[in-house]
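Trainee:
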Amino acid sequence: DTAVSQTPKYLVTQMGNDKSIKCEQNLGHDTMYWYKQDSKKFLKIMFSYNNKELIINETVPNRFSPKSPDKAHLNLHINSLELGDSAVYFCASSWGYTDTQYFGPGTRLTVL
Amino acid sequence: LAKTTQPISMDSYEGQEVNITCSHNNIATNDYITWYQQFPSQGPRFIIQGYKTKVTNEVASLFIPADRKSSTLSLPRVSLSDTAVYYCLVGDQTGANNLFFGTGTRLTVIP
Chain A
253 DTAVSQTPKY LVTQMGNDKS IKCEQNLGHD TMYWYKQDSK KFLKIMFSYN NKELIINETV
313 PNRFSPKSPD KAHLNLHINS LELGDSAVYF CASSWGYTDT QYFGPGTRLT VL
Chain B
-14 LAKTTQPISM DSYEGQEVNI TCSHNNIATN DYITWYQQFP SQGPRFIIQG YKTKVTNEVA
46 SLFIPADRKS STLSLPRVSL SDTAVYYCLV GDQTGANNLF FGTGTRLTVI P
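In structure tokens form, the structure reads like this:
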């Protein structure tokens, strides 16, 4: 069974479009995250979500918004996509912020 | 805020011990240090975590000096399958604005 899953695995879209990436974890964890990994392989945390408390990395544009329909899901919505949004996006989950994070397989987003 | 610095790349021969150091000069009292391994086209995977001194598990050891301004991941007797990017993560329990991944060290194991 996949612990943390993401869909889609690949996403190709035009500038200006709005898109969503879904994330689900079946580990019962309380905390979920979204990360962006750029072409240089830098991993940058975008959001953390724990017990309905959303913490947004202050550098993330407000075009990005996470939505959690329930504890097992944290979906990422992106409005008005830009070329610079092209990257691999990883979802992760853990019990608490200092506990082991389990990462999904990633979603490669390409904005044309 | 603790920020992290790692060497960009390292090469090692099979069977050797590899030590990768992460600098985190501004680490806070409540910060933990965690190391992850990432293979191409996969998400990072947990290796080891520590707060101070030394931690050892079945795959690695983590050495943290008393001032905690750096940490060293030690991989004993590496094999070709250890070729990957290794990240250190420093952070506490307060969430996204206090979790920092290093730039990653690309380890290449040579036959």
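Heads up: the sequence lines are chains A and B, in that order. Quick note: the first sequence uses the working numbering, first residue 253, plus one each step. Quick note: the second sequence uses the working numbering, first residue -14, plus one each step. By construction, the Cβ of each residue, glycine as well, lies at the ideal position given by its N, Cα and C atoms. In this text, all values refer to a predicted model and were calculated from it rather than measured experimentally.
1. Against phenylalanine 342 of chain A, what residues of chain B qualify as contacts under a CB-to-CB distance less than 9 Å, listed in chain order?
2. Identify the contact partners of proline 313 of chain A in chain B, using a Cβ-Cβ distance below 9 Å as the criterion.
3. How big is the Cα-Cα spacing for lysine 271 of chain A and isoleucine 330 of chain A?
4. With a cut-off of 8 Å, does the C-beta of tyrosine 349 of chain A fall near any C-beta of chain B?
5. At least one CB of chain A closer than 8 Å to the CB of valine 44 of chain B: is that the case?
6. Do the CB positions of aspartate 322 of chain A and leucine 361 of chain A come within less than 8 Å of each other?
7. Thinking C-beta only, is glutamate 2 of chain B closer than 8 Å to serine 55 of chain B?
8. Please identify the residue among A:Phe294, A:Phe355, A:Leu333 whose C-alpha is closest to the C-alpha of asparagine 269 of chain A.
9. In chain A, which residues lie with their C-beta within 7 Å of the C-beta of glycine 35 of chain B?
10. Ignore the nearest five residues each way along the sequence and tell me which others in threonine 19 of chain B's own chain have a CB closer than 6 Å to its CB.
11. Classify serine 338 of chain A as helix, strand or coil using the three-state DSSP reduction.
12. Show which residues of chain A have a CB atom less than 8 Å away from the CB atom of glycine 76 of chain B.
13. According to DSSP, is aspartate -4 of chain B part of a helix, a strand, or is it coil?
14. On the CB-based measure, 16 or more other CB atoms within 10 Å of its CB, does tyrosine -2 of chain B come out buried or exposed?
15. What residues in the stretch 352 to 363 of chain A bring their beta carbon closer than 9 Å to a beta carbon of chain B?
16. Should threonine 359 of chain A be labelled buried (16 or more other beta-carbon atoms within 10 Å of its own) or exposed?
17. Out of A:Asp282, A:Thr283, A:Thr265, A:Ile273, state which residue places its alpha-carbon closest to the alpha-carbon of threonine 259 of chain A.
18. Name, please, each residue of chain B whose Cβ falls closer than 7 Å to the Cβ of lysine 293 of chain A.
19. If we define contact as Cβ-Cβ less than 8 Å, is isoleucine 297 of chain A a contact residue for chain B?
Mentor: Inspection of the coordinates gives the following:
1. Going along chain B in sequence order, the residues near phenylalanine 342 of chain A (Cβ under 9 Å) are Gly28, Pro29.
2. Simply none; closest approach about 14 Å.
3. Annotation: lysine 271 of chain A to isoleucine 330 of chain A spans about 5 Å, alpha carbon to alpha carbon.
4. It does: the Cβ of tyrosine 349 of chain A has a partner Cβ on chain B nearer than 8 Å.
5. Chain A contact via Cβ: absent.
6. Against a cut-off of 8 Å, the Cβ pair of leucine 361 of chain A and aspartate 322 of chain A comes out as no contact.
7. For serine 55 of chain B and glutamate 2 of chain B, no; Cβs fall outside 8 Å.
8. In this structure, A:Leu333 is the residue among A:Phe294, A:Phe355, A:Leu333 with its C-alpha nearest to the C-alpha of asparagine 269 of chain A.
9. Contacts between glycine 35 of chain B and chain A, judged by CB atoms closer than 7 Å, are missing: the closest CB pair is about 11 Å apart.
10. Setting aside the 5 residues that flank it on each side, threonine 19 of chain B is surrounded in the same chain by Gln34, Leu74, each with a C-beta closer than 6 Å to its C-beta; the list follows chain order.
11. Under the three-state reduction of DSSP, serine 338 of chain A is assigned to coil, being neither helix nor strand.
12. Per Cβ cutoff of 8 Å: Tyr349, Thr350.
13. Here aspartate -4 of chain B sits in strand by DSSP.
14. With fewer than 16 other Cβ atoms from the protein chains shown falling within 10 Å of its own Cβ, tyrosine -2 of chain B counts as exposed.
15. Going along the stretch 352 to 363 of chain A in chain order, one finds Thr352, Gln353, Tyr354, Phe355, Gly356, Pro357, Gly358, Arg360 with a Cβ nearer than 9 Å to chain B.
16. By the neighbour-count rule (16 or more Cβ atoms within 10 Å), threonine 359 of chain A is buried.
17. Nearest C-alpha to threonine 259 of chain A: A:Ile273.
18. Within 7 Å Cβ-Cβ: Val70, Gly89.
19. With 8 Å as the cut-off, isoleucine 297 of chain A counts as an interface residue toward chain B.
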